[in-house]
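K.L.:
Taken in order, these protein sequences are the chains called A and B.
Our numbering applies: residue 1 is where the first sequence begins, and numbers increase by one.
Our numbering applies: residue 1001 is where the second sequence begins, and numbers increase by one.
Note that the Cβ used here is the ideal one computed from N, Cα and C, for glycine as well.
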Amino acid sequence: MYPSRFHYEAPRTLDEALDLLQAYGDEAKVLAGGQSLIPLIKLRFAAPAAIIDINNISGLDYHEEDSDGSLYVGALCRHRTLERSPLLRSKHPTMSATAPLISDPMVRSRGTLVGSLCHADPQGDWASVMLALGGEIIARSTGGERVIPVSQFVVGPFQNALQPGEIAVRARVPAPRGTRSGTYLKLERRVGDFATVGLAVALETSGGTINRAGLALTGVGPSNIQCTAAEQALAGKTLNASTIDQAARLAAEAAQPKTDVRGSAEFKRHVVYTFVTRALSNPQARAA
Amino acid sequence: MAQALDEIKIGGLGSSRKRVEDDRFLRGKGNYIDDFKLPGMVHMEILRSPLAHARITSIDTSKAWQIPGVHMVLTGDMAAQHNLAWMPTLSYDTQAVLATDKVRFQGQEIACVVADDPYIAKDGCEAIVVEYEPLPPIVNPYQAVAEGAPIIRDDKEGQTDNICYRWEVGDREGTERAFAQADLVSKLELHYPRSHPSPIECCGSIADYNSATAKLTVYMTTQAPHIIRAAVAIVAELPEHMIRIISPDIGGGFGNKVPVYPGYVCSILCSILLTRPVKWIEDKTGNLISTHYARDIYYKGELALRKDGKILAVRFHCDSDNGAFFSDAQPTKFKLGLIHSAFAAYDIPFGYMTAQGTYTNKAPGGVAYRCSFRVTEAMFFQERAIQAAAYDLGMDQAAFRRLNLVKSHQFPFRTPYGFLLDSGQYEKCLDVALNAIDYDDFLREKEEARAQGRRLGIGISTMTEPLGAGNSREYDILGIKMFDAAELRVHPSGKAILKIGSKTQGQGHETTFAQIVTHELGIPAADILVQHGDTDNTPFGMGTYASRSTPVAGAATAMVARKVRAKARKLAAHLLEVSEEDVEWELGRFHVRGAPNNGVSIQECAMAAYGNMPDGMEPGLENNAYYDPPNMTWPFAAYIVTVEVDPETGVWDVLRMVAVDDCGVRINPMIVEGQIMGGMTEAYAMANMQFITYDAEGNCVGSNYMDYLLPTAWETPGFELHEVVTPSPHHPIGAKGVGECAAVGGPAAFVNAVMDAIDDTGVRNIDMPLIPDRVWEALKYRRDISGAPPVKSDAD
Ligand SMILES: Cc1cc2nc3c(=O)[nH]c(=O)nc-3n(C[C@H](O)[C@H](O)[C@H](O)COP(=O)(O)OP(=O)(O)OC[C@H]3O[C@@H](n4cnc5c(N)ncnc54)[C@H](O)[C@@H]3O)c2cc1C
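1) Following the continuous alpha helix (DSSP H) through P1225 (chain B), name the residue where it begins and the one where it ends.
2) So, does the CB of K1792 (chain B) fall closer than 7 Å to a CB anywhere in chain A?
3) Consider the C-beta atom of D1784 (chain B) and the heavy atoms of ligand 1; say whether any pair is separated by less than 6 Å.
4) Measuring only from the beta carbon, is L20 (chain A) closer than 6 Å to any heavy atom that is part of ligand 1?
5) Do Y1426 (chain B) and L1405 (chain B) come within 7 Å of each other at the CB atom, strictly closer than that value?
6) Under a Cβ-count criterion, where at least 16 other Cβ atoms within 10 Å of its own Cβ denotes burial, should R1027 (chain B) be classed as buried or exposed?
7) Could you spell out the range, first to last residue, of the alpha helix (DSSP H) harbouring N1752 (chain B)?
8) Could you give the uninterrupted runs of the alpha helix (DSSP H) lying entirely in the stretch 1383-1440 of chain B, keeping only those of 4 residues or more?
9) Where do the N-terminal and C-terminal ends of the beta strand (DSSP E) with C1663 (chain B) fall, by residue?
10) Going by DSSP, what residue range makes up the beta strand (DSSP E) through N1668 (chain B)?
11) Where does M1482 (chain B) fall in DSSP's three states?
12) Compare the C-beta of R84 (chain A) against all C-beta atoms of chain B and say whether one is closer than 7 Å.
13) Against chain A, does V1130 (chain B) count as a neighbour if the rule is that its beta carbon must be under 7 Å from one of theirs?
14) Listed from N- to C-terminal order along the chain, which residues in the stretch 1030-1049 of chain B have their beta-carbon within a distance smaller than 9 Å of any beta-carbon of chain A?
15) Once you ignore the five residues that flank V1775 (chain B) on each side, which residues in its own chain have a CB closer than 7 Å to its CB?
16) Start and end of the beta strand (DSSP E) containing H1532 (chain B)?
17) Label A292 (chain A) either buried or exposed according to how many other C-beta atoms from any shown protein chain fall within 10 Å of its C-beta, with 16 as the threshold for buried.
18) Tell me which residues share the same chain as L1575 (chain B) and place their Cβ nearer than 6 Å to its Cβ, disregarding the 5 neighbours each side in the sequence.
19) Count the other C-beta atoms from every protein chain shown that fall within 10 angstroms of the C-beta of Q1515 (chain B), then say buried if there are 16 or more, exposed otherwise.
20) Run through chain B and tell me which residues come within less than 7 Å of G34 (chain A), C-beta to C-beta.
21) Give a yes or no on contact between the stretch 1009-1021 of chain B and the stretch 1072-1087 of chain B, applying the rule of three or more CB pairs nearer than 8 Å.
22) Only counting the same chain, and skipping five residues up and downstream in sequence, which positions put a Cβ closer than 6 Å to that of D1296 (chain B)?
23) Taking only beta-carbon positions, decide if F267 (chain A) is within less than 7 Å of chain B.
24) Applying a beta-carbon distance threshold of less than 8 Å, which residues of chain A neighbour Y1092 (chain B)?
25) Do you know offhand how far T179 (chain A)'s Cα is from S264 (chain A)'s?
26) In chain order, what residues of the same chain have a beta carbon less than 7 Å from the beta carbon of P1136 (chain B), not counting five sequence neighbours either side?
27) Output, in chain order, the set of chain A residues within a Cβ distance shorter than 7 Å of W1714 (chain B).
28) Suppose only complete runs of 3+ residues qualify. What are the beta strand (DSSP E) ranges in the stretch 1307-1361 of chain B, listed by chain order?
29) List the residues of chain B that L215 (chain A) touches, going by C-beta distances under 9 Å, in chain order.
30) Which first and last residues belong to the beta strand (DSSP E) in which R1589 (chain B) is found?
31) Closer than 6 Å to a non-hydrogen atom of ligand 1 - does that hold for the CB of A1231 (chain B)?
32) Along chain A, which residues have their Cβ under 9 Å away from the Cβ of Y1119 (chain B)?
33) Once you ignore the five residues that flank G1459 (chain B) on each side, which residues in its own chain have a CB closer than 6 Å to its CB?
34) Using a Cβ cut-off of 7 Å (strictly closer), state whether W1167 (chain B) contacts chain A.
35) Taking DSSP's pairing of strands, which residues face D53 (chain A) in a bridge?
36) Determine, using beta carbons only, whether D1296 (chain B) comes closer than 7 Å to chain A.
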């Protein structure tokens, strides 16, 4: 790979990184797992003047729950860690279903969840999951920290809400109201492929009644799509053939697929319908 | 009493000896083109066209020349001063080395920059300003022949359309008469999509012109170093003895590394102009969008059938999409390779076929991607048409095949298109396969599942293919006949070096060719070094592609070993003090007839050749052999696949895959199985996910590994392998080619299985790859699905 010339910085502390970011302004790019940024600079689609490699900063590679049950995922927590996490397996079915479906083992061992949210690829899987879970990003600059809901963080294809000088330091998933269930379904052409259609489902239920439903779609719009109407239709209900069918239809309507080499818009919409039906009929299922 | 040698133990015929190549490959000790660094070497990068069809109005290189570290910015106009803006192709057309007038496909070479390092060279490419006047792009043969289509090859005098060849083979009238007598005519139309051989290692070269000696050494990724040397001599007008082509370890070829590419030519020209070594290493996108593709043929065919299932005749037409230049690497006589080998496995009295090639605004090519010159397409059309005909007759697809397959007693068998099949046991192979897959049980299971709304399907592909071009009467490339050579030197201690003109790219020649010598001479395989890939140090050969190495170079190896044995026999007679007629051969040893204990080993004969030869005998124990094959070898295979289709998503999963291969005598069974598994993986890829397509603007979709899908171990199904052995009657050790069978015959088995799972829908065809979208659409709308470019968009 022969990218354009760039300055390479490898700060050892977050403060140092923030100072560098401040100094370079919007000429700089943060490098986390590099699994999206490096392909871009390799193809010279991106030519940042400086790269701020945050991999030498300690204390960013973690995922943990705090006392109130919120989950925090640090900026250097790799997909692979999440794939193997006992914590996710026992308490976060949607996330735990997603991690093994991100690309292949090589990409998973480098790429990060936070980096994926920052990259805001409409075909990125984590943003859908975070939308379904009501997740947030915590951004830090030399001026301090602020909290941005993922629904406002991903502002368009490959665009996030960070200001120049800000680093996303962690993601937060709030504690559930009731019992969590859910899954992630992904239609891919091959292992390691981005989603033709992806669906994140995250339910919080008490005694069969849905307190909160999160549904979000990958690969079928200019950004990840939160299926608000379907979510609202499910809230307060129990799952049965008719509520499932209604949610599946609303989700299919929310999709904005395009016809391309992976398939027609009509096909993708139908897969959304099928996936929602399957996921809600068996919320622990993993497939496709 | 001398113990007889155990041929398997010493690594002879039939031994699954480990590949000697793998040690260096697995330990990172191989030497690929990019591993070579020569003193004073500079680096070349290529500027490629972003547009598919456009007139070049200007090229401004001034900014690139100004970049520190840039040594050369080469354009087509500069190349033209050395008569190198264009070069001849292997199909008697011309191809632009660097575009001067127009760009004719996306990714076409426009200029190249040579600099101290590849980063600077790339900066230099970015600094070149090219102005274009866009022209309408053509991305399929039908657009190419439509009225008012722009003439792509306006550089060619007298070219008034976009047709590059017309060709016909067979008996037109006899076929027509047979069709007139048919009870039923079964028709099928389909497109075999464009694919790319896509070796993991891309192409590259280091040209090193020595101005003092006037010798040009080119290290390059080529499957055919000797024919390349001849081509370079012709293209660059250099004396052939002053050209040395070295093809080091190659990271996969699959046909992609047979042609001469502009990058090679540019590195040579730049080295001559700069008198320094110039290295060019292609990137993945460059490889995928500009080097030779494969397939891309539209088939329209029909079978004349009798009610009882007998096929009376076949006729078909092929429209091939040849891209911007007609540069198929194929024997001269054949305009669409050996496409007329289609239906060879069946006893069909009459056949006729026509083909027409068209220029389009796509990368040129038509290489034999794991294929003996278009036989992949031929066998795919054949097996898809055979299944469709069985359905039309309402006949069981296995029974229909059995009825029409060439029978064992019919060999040698002449096909209606003129080929001569050498040997086979086709019905037996089919039976082994049907048995292995539990055919009848599966048919029951399929019916039961269908009653529950589940869709199971079974697909069969039975095929033969001609491997091992040529014979010299019919096969030549650039006028050079298609034979091969081997040279064998046995040293005083009985260790040997075998030099061959073919060139391994992963097939394991260094392992198997030694085994052939072991079989003939009894020298342990571990004592034989196989050398290849350096034109100064190996005998002539046409190269390794089209499964021709074992049939041709392998035969040459057996023949040279026999010549060496003949001399060793004289030495043995001398040592044993008997006449030559009284000497008998057993593996690795001669003994006196009737006195088996009184003998000498081949190693003792070798020593005698250097230290104790009879008076008047020329010293040494070495020889060479040129082998001109009398015919092709015709392996046979029966492949059966079972699948389940998910009707809601169009996803299909392979339940089982059974492969029965008859490739004659197996030299190294492990390597044969590896070849079959590799080929079958590629077959699965083509059926399931892999293709290169183009959008309406002529942009290549599939220009990197995110879009051009190579299957991984994860989704590739397991393969159950079986064998039948029918030796080739004309090959010295009875071997046939096998490198491609699975890639050639496999795709139809997968596709037929999916089509069988939807056999109640009236859908006749879904074009490969059978991605979920296409299967779903066929099921939903009960219609055939075309995969022809341009790729569909919201605008459609
Ligand atoms: C072959 C391949 C297949 C893939 N398949 C999938 C897939 O199926 N599904 C999927 O979801 N993803 C896929 N990906 C993307 C992968 O998940 C990436 O790891 C992820 O999108 C980005 O994470 P990263 O840590 O590698 O980010 P990087 O590449 O390091 O950065 C990506 C972008 O985010 C910015 N950034 C990163 N971290 C921060 C931060 N902490 N603060 C501010 N900005 C930041 C960078 O500046 C850059 O612009 C694939 C990637 C590859 C190479």
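P.N.:
The relevant details are as follows:
1) Numbered from 1 along the second sequence, position 225 holds the residue referred to as residue 1225 (chain B). 1225-1235 is the span of the alpha helix (DSSP H), which, as asked, contains P1225 (chain B).
2) As a first step, residue 1792 (chain B) is located in the second sequence; it is residue number 792 there, counting from the start. Yes, its Cβ sits closer than 7 Å to a Cβ of chain A.
3) If you number the second sequence from 1, residue 1784 (chain B) lands on position 784. D1784 (chain B) Cβ: outside cutoff for every heavy atom of ligand 1.
4) The residue you call residue 20 (chain A) lines up with position 20 of the first sequence. Placement of the Cβ of L20 (chain A) at a distance of 6 Å or more from every heavy atom of ligand 1 is found.
5) Walking along the second sequence from the start, residue 1405 (chain B) turns up at place 405. Walking along the second sequence from the start, residue 1426 (chain B) turns up at place 426. A contact, by the Cβ cut-off of 7 Å.
6) Stepping through the second sequence from its first residue, residue 1027 (chain B) is reached at position 27. Counting of Cβ neighbours within 10 angstroms places R1027 (chain B) among the exposed residues, the total staying below 16.
7) Translated into positions along the second sequence, residue 1752 (chain B) becomes position 752. Run containing N1752 (chain B): 1741-1757, per the alpha helix (DSSP H) assignment.
8) The alpha helix (DSSP H) runs of length 4 or more contained entirely in the stretch 1383-1440 of chain B are, from start to end of the chain, 1397-1404, 1426-1437.
9) To locate residue 1663 (chain B), count along the second sequence from 1; it is residue 663. No beta strand (DSSP E) contains C1663 (chain B), which DSSP labels as neither H nor E.
10) The sequence position of residue 1668 (chain B) within the second sequence is 668, counting from 1. Careful: N1668 (chain B) lies outside any beta strand (DSSP E) and carries neither H nor E.
11) As a working note, residue 1482 (chain B) is residue 482 in the second sequence. DSSP, read as helix, strand or coil, puts M1482 (chain B) in coil.
12) Working through the first sequence from its first residue, we reach residue 84 (chain A) at position 84. Residue contact check for R84 (chain A) against chain B: no CB pair falls below 7 Å.
13) Position 130 of the second sequence, counted from the first residue, corresponds to residue 1130 (chain B). No, V1130 (chain B) does not count as interfacial toward chain A.
14) So the list reads E1045, given in the order they occur along the chain.
15) Reading the second sequence from its first residue, position 775 is the one you call residue 1775 (chain B). Excluding residues within five positions, the ones whose Cβ falls inside 7 Å are V1645, G1650, W1652, V1754, I1766.
16) If you number the second sequence from 1, residue 1532 (chain B) lands on position 532. Note, H1532 (chain B): premise wrong, no beta strand (DSSP E); not H, not E.
17) Any property of residue 292 (chain A) remains undetermined from this structure, which presents chain A solely from 1 to 288.
18) By 1-based counting over the second sequence, the position of residue 1575 (chain B) is 575. Contacts found: V1600, A1608.
19) The residue labelled residue 1515 (chain B) in the question sits at position 515 within the second sequence. Buried: at least 16 other Cβ atoms inside 10 Å.
20) Working through the first sequence from its first residue, we reach residue 34 (chain A) at position 34. Per Cβ cutoff of 7 Å: no residues; G34 (chain A) is ~16 Å from chain B at best.
21) By the criterion of at least three beta-carbon pairs nearer than 8 Å, the stretch 1009-1021 of chain B is not in contact with the stretch 1072-1087 of chain B.
22) Position 296 of the second sequence, counted from the start, is the residue given in the question as residue 1296 (chain B). Here D1296 (chain B) has R1194, D1321 as same chain residues with Cβ atoms under 6 Å from its own Cβ, once five neighbours each way along the sequence are excluded.
23) Residue numbering aside, residue 267 (chain A) sits at position 267 when the first sequence is read from its first letter. True, the Cβ-Cβ gap to chain B drops below 7 Å.
24) As a position in the second sequence, residue 1092 (chain B) is number 92, starting the count at 1. Here the premise fails: no neighbours, minimum Cβ distance about 35 Å.
25) Along the first sequence, one-based indexing puts residue 179 (chain A) at 179. Along the first sequence, one-based indexing puts residue 264 (chain A) at 264. Their backbone Cα atoms lie some 37 Å apart in a straight line.
26) For this step, residue 1136 (chain B) is matched to residue 136 along the second sequence. Around P1136 (chain B), the same chain offers H1053, P1150 as residues with beta carbons nearer than 7 Å, after the five sequence neighbours per side are excluded.
27) Residue mapping note: residue 1714 (chain B) aligns to position 714 of the second sequence, counting from 1. Under the 7 Å cutoff, chain A gives V191.
28) If only complete runs of 3 or more residues are kept, the stretch 1307-1361 of chain B shows the beta strand (DSSP E) at 1311-1321, 1335-1338, 1350-1358, in order along the chain.
29) Counting from 1 along the first sequence, the entry for residue 215 (chain A) is found at position 215. Ordered by position in chain B, no residue passes the 9 Å Cβ test against L215 (chain A), which lies about 18 Å from the chain.
30) In the second sequence, residue 1589 (chain B) corresponds to position 589, counting from 1. Note, R1589 (chain B): beta strand (DSSP E), 1589-1592.
31) Taking the second sequence and counting its residues from 1, the one referred to as residue 1231 (chain B) is at position 231. For A1231 (chain B), the Cβ stays outside the 6 Å cut-off from all heavy atoms of ligand 1.
32) On the second sequence, residue 1119 (chain B) is found 119 positions in, with the first residue counted as 1. Against chain A, the beta carbon of Y1119 (chain B) has neighbours under 9 Å at Y2, P3, S4, R5, listed in chain order.
33) Residue 1459 (chain B) sits at position 459 when you count from the first residue of the second sequence. V1641, A1749, N1752, A1753, D1756.
34) Along the second sequence, one-based indexing puts residue 1167 (chain B) at 167. W1167 (chain B) does not count as touching chain A.
35) On the first sequence, residue 53 (chain A) is found 53 positions in, with the first residue counted as 1. Its beta-bridge partners are A:L31.
36) Position 296 of the second sequence, counted from the first residue, corresponds to residue 1296 (chain B). With 7 Å as the cut-off, D1296 (chain B) does not count as an interface residue toward chain A.
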